[in-house]
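Colleague:
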Amino acid sequence: MLDAGKQEDLTLAAQRGDLFGQFMTEMDYAMPGEKIVSLRLTPGESVEGGQKISSGRIELLDVGGWSTIIPVVGLRACQPDPE
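Counting along the sequence shown from 1, when you hit position 25 you're at 571 in this note's numbering, and nothing is skipped either side.
Encoded structure:
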């Protein structure tokens, strides 16, 4: 499905859900070879310059219908300008 260390170009195919910062909480990306990468986020609290992600998952779906689900949590924020 994905090769470790190999970069893949993704194309935004669909987005829905709620607005979370500058992005939607549900986004689907298309990969070469008819593979789909889905990102689902549950918003957390706001922090200066960004938001916490209280929970989420990345799902990789191949053409055979098999999926791999990777749980995610974290923070997304803008990098501050150096002063």
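For each residue, glycine too, the CB sits at the ideal point set by N, CA and C.
What did DSSP end up calling Leu556 once you bin it into helix, strand or coil?
Modeller: In the sequence shown, counting from the first residue as 1, residue 556 sits at position 10. Coil.
Colleague: Quick check: the Cα distance between Gly610 and Ala576, rounded to an integer number of angstroms?
Modeller: Your numbering for residue 610 matches position 64 in the sequence shown. Your numbering for residue 576 matches position 30 in the sequence shown. Computed Cα separation, rounded: 15 Å.
Colleague: Going by DSSP, which residues form a beta bridge with Gln625?
Modeller: Counting from 1 along the sequence shown, the entry for residue 625 is found at position 79. DSSP, once it has assigned bridges, lists no residue as partnering Gln625.
Colleague: With C-beta atoms as the reference, is Glu591 less than 8 Å away from Lys598?
Modeller: Here residue 591 is taken as the residue at index 45 of the sequence shown, counted from 1. Here residue 598 is taken as the residue at index 52 of the sequence shown, counted from 1. Yes.
Colleague: Whose C-beta lies closer than 8 Å to the C-beta of Leu621 among residues of the same chain, with five residues either side of it excluded?
Modeller: Your numbering for residue 621 matches position 75 in the sequence shown. For Leu621, where only same-chain residues beyond five positions count, the Cβ hits under 8 Å are Val593, Gly596, Gln597, Lys598 and Ile599.
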